[in-house]
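Visitor: Residue numbers (the working numbering): 1419 to 1795. Sending over a structure as structure tokens; questions will come in a sec.
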């Protein structure tokens, strides 16, 4: 699989910086953060957290991912994710026995470099649950162990093999430190030369040496290939797309939910290739394999944009597509065959907690709100 190196300047002008024969380190699984022990002080638990403290056969100490938000009197100012959170033990709070101190184990993910300063008085709100909009898990007075300095995650390098650099890239290699805060686009090409994926990497060059492929080519090692690289399970999916945009439906069907998400990422590269909007007409959605949210969007995109086409990867992007500009615009008729597969598979995936709508019901509702006639079969 070949790649182009393309730089975008401050005026959004793209400049060719080179090409390379291959990349090692494009596919990386995200490493979970190390496990820590935290104490939720003075908790008034609710929802899943309250249930976890109940001594009965149906309770579970496994909370999944918990969001901790630090509020002032009006709004959240900081937030953390406690990944795969587990209740270890609990006891009454010493100062107020009506509240509970809860000891949990979790991997702590801090998406922003918060200052770790607290409003006066702080309010710690907790959210948990399998729903797309997590439900309240209560609130507490403090979280011991949250405000600590954590080391940056280990960097995973990326190697560009067989690079043929253009002059701008050669200038970077002559003075690499000058450019280590800049980035370049790494564009993966299919066998026809079509761009199938775009990934941005910082120009933090660790080494550049004559390539194992010989000639005037270079092998360039970057210190870090970036956070948002495709996972390892995406590699065989890329091989499928490298042969060309899929021409038949349901090629994504055998994939897991994670694999289907990777499939959707590849459809997004072609979102500008859909052509002018068409409205009216009848579209048929094959619901046979719609067993999860990514599968729903794979099937929806194929129904409206054809195999390999793009029509949103999740709810917000799907709604944007319905506004137009992606090849198909309302009104039209959508015949959804085997709709009960999605209805049942997504029965526990509550999107609108106030109305109690599942993700399936929400998608049908948003379609109808745009004037789409949805026929469920």
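Glycine included, each C-beta is placed from N, C-alpha and C at the ideal position.
Identify every residue that forms a DSSP beta bridge with residue 1670.
Guide: Answer is none; residue 1670 lacks a bridge partner.
Visitor: Could you give the DSSP three-state label for residue 1462: helix, strand or coil?
Guide: The answer is strand: DSSP assigns residue 1462 an E or B state.
Visitor: When the Cβ atoms of the segment 1696-1710 are set against those of the segment 1448-1456, are three or more pairs found closer than 8 angstroms?
Guide: The segment 1696-1710 is not in contact with the segment 1448-1456.
Visitor: Answer yes if the segment 1616-1630 comes into contact with the segment 1554-1571, meaning at least three C-beta pairs across the two stretches below 8 angstroms, and no otherwise.
Guide: No contact exists between the segment 1554-1571 and the segment 1616-1630.
Visitor: For my contact list, residue 1605 and residue 1621 are in at a C-beta cut-off of 8 angstroms; report their separation, rounded to the angstrom.
Guide: About 15 angstroms; that fails the 8 angstroms criterion.
Visitor: Could you work out which residue in 1673, 1425, 1432 and 1441 is closest to residue 1637 when comparing CA atoms only?
Guide: When only C-alpha atoms are compared, the closest one is 1441.
Visitor: Under the assumption that residue 1483 contacts residue 1467 (Cβ atoms under 8 angstroms), give the Cβ distance between them as a whole number of angstroms.
Guide: Incorrect: roughly 13 angstroms between the Cβ atoms, too far for contact.
Visitor: How many Å lie between residue 1623 and residue 1522 at the Cα?
Guide: Near 41 angstroms, if we compare the C-alpha coordinates of residue 1522 and residue 1623.
Visitor: Can you give the Cα-Cα distance for residue 1590 and residue 1716, rounded to whole angstroms?
Guide: Looking at the two C-alpha atoms, the distance is approximately 40 angstroms.
Visitor: If you pair each beta-carbon of the segment 1706-1713 with each one of the segment 1741-1750, do three or more pairs fall below 8 angstroms?
Guide: Contact between the segment 1706-1713 and the segment 1741-1750 is absent, because fewer than three Cβ pairs lie under 8 angstroms.
Visitor: Of all the options 1576, 1655 and 1660, which has the alpha carbon lying nearest to the alpha carbon of residue 1672?
Guide: Comparing Cα positions, the closest option is 1655.
Visitor: Which residues in the same chain as residue 1756 place their Cβ atom closer than 6 angstroms to its Cβ, once the five residues preceding and following it in sequence are excluded?
Guide: Excluding positions up to five away in sequence, the list reads 1705 and 1706.
Visitor: On the DSSP letters alone, give me the boundaries of the alpha helix (DSSP H) that residue 1589 sits inside.
Guide: Element bounds for residue 1589: 1585-1592.
Visitor: Could you tell me the distance, in whole angstroms, from the CA atom of residue 1680 to the CA atom of residue 1670?
Guide: If I take the Cα positions, the gap works out to 10 angstroms.
Visitor: Hey, how far is the Cα of residue 1666 from the Cα of residue 1725?
Guide: Cα to Cα, residue 1666 sits roughly 6 angstroms from residue 1725.
Visitor: Give me, in chain order, the residues of the same chain whose beta-carbon lies closer than 7 angstroms to that of residue 1789; leave out the 5 immediate sequence neighbours on both sides.
Guide: Excluding positions up to five away in sequence, the list reads 1748 and 1749.
Visitor: Given this structure, state the Cα-to-Cα distance separating residue 1827 from residue 1738, to the nearest angstrom.
Guide: Missing from the structure shown is residue 1827; the chain here goes from 1419 to 1795 and no further.
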